[in-house]
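S.K.: Start counting the sequence shown at 637; every next residue gets the next number (our numbering).
Think of the CB as a built atom: it goes at the ideal place given N, C-alpha and C, for glycine as much as any other residue.
The following block contains the structure, expressed as structure tokens.
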Amino acid sequence: MTEPKRVLDDGTALPVRVGRVVPDDAAVRIALEGEVETYRRDLRHVDGCA
């Protein structure tokens, strides 16, 4: 079984970048708010795929 298939067997994968390190919750909010439209577009793209 391929890795992507195994991941999807455990739940829904979200389209996010991996590797960003932030110091606290406030920085997470700022990072997410700065890309909110990108995340919404990406989630619409994968909606119903799981």
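So V751 packs on V664, CB below 8 Å; how close in whole Å?
M.R.: Nothing can be reported for residue 751: it is not among the residues displayed for the chain, which extend from 637 to 686.
S.K.: With H, G and I counted as helix, E and B as strand and the rest as coil, what does DSSP make of V658?
M.R.: The answer is coil: DSSP assigns V658 none of H, G, I, E or B.
S.K.: My output table needs one value for E671: the three-state DSSP class, helix, strand or coil.
M.R.: Of the three classes helix, strand and coil, the one that applies to E671 here is coil, per DSSP.
S.K.: I need the DSSP call for D683, collapsed to helix, strand or coil.
M.R.: D683 falls in the coil class under three-state DSSP.
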